[in-house]
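If you're matching positions, the sequence shown starts at 0 in numbering that gives the first Met the number 0 and goes up one per residue. Glycine included, every Cβ here is placed at the ideal spot set by N, Cα and C. Fair warning: this is a prediction, and the values are worked out from it, not measured in the lab. In what follows, a structure is listed as structure tokens, so that the remarks can point back to it.
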Amino acid sequence: MKYEIKLSTIERQLPKHFDLPATFHAFVQACQQSQRGDLGWFAIKHTKPKDLLGFEPEGHMVPVLRLPDGGFVSFWFGTKRNPSVVWCSSEGETKVVATTWSDFLSRMSKKRTGVPDLDDREVAVLPAIRGMRGNVMPLAKERREFKKWLNSKQPKQPTAGTDDVSEGIRRELVELMDRHFDKEDEDLVDIIDLQVTLTSRSYEVLWYGGHKKYPAPKRLRRTLDKLVDYLGRSLKKSEVSVWSDGRVFVEKNLRLGDKRP
């Protein structure tokens, strides 16, 4: 089976000052001459970044590789004309994986992209591709810049949750967890920590703490959907802490409702 290649979907999204580099076209040509999986598992086409990022990057990010799990590899047009390369996983992990497309090809050749679907390719040695070098570039500077940009795009947290919506969410979470708290010592506060991923593409709940068998994630979905609506953004490996005294915290710094110990 051949690679799916839809260059036009990418080119329509590129900034006016930027054309796909010759090294990218060389990569496409290598894919055309290979079987799917030989160079990694992906399709060469655009995908909407907002679904995983939780916000519209407004041209600063242009996905170029769609991964099997719904994640993507993207150009990031940050502080320089030559874009860095960013990976966004289906579970919300987002980071710079190469300083340039040439650096990305070099990392692919060494299985050092950090992207499982790319490093777990079928062939041991990549074919020679224009732009591929023997060395790779340090990423610290680009990662700091990308993290700063990413943080600037995150929606502001709602102010302390004293409104009716957050109080309703708090009550529902406490009621759902009530029978799972350890209540043997009434003087101690038991805490159940959840790690929640809830995006348009994925839903997962991991559990930490709790005295008895936990409720199935599907029982929590309705309440967690309300939480996402309240926050105005997706949850990506976000910590939700439910306390036996009625307090509920989201990502440690946001308290829901008006319950006090």
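Touching by the beta-carbon criterion (3+ pairs, under 8 angstroms), the stretch 96 to 113 and the stretch 127 to 136: yes
CA-to-CA distance, residue 53 to residue 232, given in whole angstroms: Start at 1 with the first residue of the sequence shown, and residue 232 comes out as number 233. Start at 1 with the first residue of the sequence shown, and residue 53 comes out as number 54. If you take the alpha carbons of residue 232 and residue 53, they lie about 6 angstroms apart.
Assumed close pair residue 145, residue 201 - CB separation to whole angstroms, cut-off 8 angstroms: For the purposes of this step, residue 145 is taken as residue 146 along the sequence shown, with counting starting at 1. For the purposes of this step, residue 201 is taken as residue 202 along the sequence shown, with counting starting at 1. So it is not a contact: roughly 22 angstroms between Cβ atoms.
Cβ pair count under 8 angstroms reaching 3, the stretch 7 to 18 against the stretch 68 to 80: yes
Rounded Cβ spacing between residue 214 and residue 175 (contact assumed at less than 8 angstroms): Here residue 214 is taken as the residue at index 215 of the sequence shown, counted from 1. Here residue 175 is taken as the residue at index 176 of the sequence shown, counted from 1. Right, their Cβ atoms sit about 6 angstroms apart.
Neighbourhood of residue 219 by C-beta distance below 7 angstroms, restricted to the same chain and skipping five residues each side: On the sequence shown, residue 219 is found 220 positions in, with the first residue counted as 1. Cβ within range, chain order: 175 and 204.
Residues of its chain near residue 21, where Cβ-Cβ distance is below 8 angstroms and the 5 sequence neighbours each way are ignored: Residue numbering aside, residue 21 sits at position 22 when the sequence shown is read from its first letter. Correct list, in chain order: 129 and 130.
First through last residue of the beta strand (DSSP E) which encompasses residue 197: Looking up residue 197 in the sequence shown gives position 198. Taken as a continuous stretch (DSSP letters only), the beta strand (DSSP E) holding residue 197 covers 190 to 197.
Backbone CA spacing between residue 34 and residue 162 [nearest angstrom]: Translated into positions along the sequence shown, residue 34 becomes position 35. Translated into positions along the sequence shown, residue 162 becomes position 163. Between residue 34 and residue 162, the C-alpha separation is close to 56 angstroms.
As assigned by DSSP and simplified to three states, the class of residue 99: Along the sequence shown, one-based indexing puts residue 99 at 100. In the structure shown, residue 99 sits in coil (DSSP, three-state: anything other than H, G, I, E or B).
Cβ-Cβ separation, residue 89 to residue 51 (assumed contact under 8 angstroms), whole Å: Here residue 51 refers to the residue found at position 52 of the sequence shown. Here residue 89 refers to the residue found at position 90 of the sequence shown. Indeed they touch by this definition, with Cβ atoms about 7 angstroms apart.
Other residues of its chain near residue 98: CB distance less than 7 angstroms, five sequence neighbours each side excluded: The residue given as residue 98 occupies position 99 in the sequence shown. Closer than 7 angstroms at Cβ, skipping near neighbours: 83, 136, 138 and 141.
Alpha-carbon to alpha-carbon, residue 223 and residue 104: Here the question's residue 104 lines up with position 105 in the sequence shown. Here the question's residue 223 lines up with position 224 in the sequence shown. Those two C-alpha atoms are separated by around 40 angstroms.
Reference residue 123; option with closest CA among 19, 37 and 257: Here residue 123 is taken as the residue at index 124 of the sequence shown, counted from 1. For residue 123, the nearest C-alpha among the options comes from 37.
Per-residue burial, residue 102 [other beta carbons within 10 Å of its own, 16 or more giving buried]: Taking the sequence shown and counting its residues from 1, the one referred to as residue 102 is at position 103. Buried, since its Cβ has 16 or more Cβ neighbours within 10 Å.
Whole-angstrom C-beta distance between residue 9 and residue 72, which should lie under 8 angstroms: Here residue 72 refers to the residue found at position 73 of the sequence shown. Here residue 9 refers to the residue found at position 10 of the sequence shown. 11 angstroms between Cβ atoms; not a contact.
Other residues of its chain near residue 221: CB distance less than 6 angstroms, five sequence neighbours each side excluded: For the purposes of this step, residue 221 is taken as the residue at position 222 of the sequence shown. Counting only Cβ-Cβ distances below 6 angstroms, and skipping sequence neighbours, we find nothing.
Span of the alpha helix (DSSP H), counted from its first residue to its last, around residue 1: By one-based count along the sequence shown, residue 1 stands at place 2. That residue, residue 1, is in no alpha helix (DSSP H); it is neither H nor E in DSSP.
Cut-off 6 angstroms between Cβ atoms - residues of its own chain near residue 56, not counting five sequence neighbours on either side: The residue labelled residue 56 in the question sits at position 57 within the sequence shown. Cβ neighbours of residue 56 beyond the five flanking positions: 48.
Residue 186 and residue 243 closer than 7 angstroms at C-beta: As a working mapping, residue 186 is identified with position 187 in the sequence shown. As a working mapping, residue 243 is identified with position 244 in the sequence shown. Cβ atoms of residue 186 and residue 243: not closer than 7 angstroms.
Residue 229 versus 32, 40, 59 and 167, residue with shortest Cα-Cα distance: Walking along the sequence shown from the start, residue 229 turns up at place 230. That would be 167, whose Cα lies nearest to the Cα of residue 229.
Where the alpha helix (DSSP H) through residue 165 begins and ends: In the sequence shown, the residue the question calls residue 165 occupies position 166. It spans 163 to 176 - the alpha helix (DSSP H) in which residue 165 sits, taken as one unbroken run.
Through-space distance from residue 32 to residue 194, alpha-carbon basis: Taking the first residue of the sequence shown as 1, we reach residue 194 at position 195. Taking the first residue of the sequence shown as 1, we reach residue 32 at position 33. Their Cα atoms are separated by approximately 43 angstroms.
Three-state secondary structure (DSSP) of residue 83: Position 84 of the sequence shown holds residue 83. Three-state result, residue 83: strand.
Backbone CA spacing between residue 247 and residue 239 [nearest angstrom]: For the purposes of this step, residue 247 is taken as residue 248 along the sequence shown, with counting starting at 1. For the purposes of this step, residue 239 is taken as residue 240 along the sequence shown, with counting starting at 1. Each residue's Cα considered, the two are about 7 angstroms apart.
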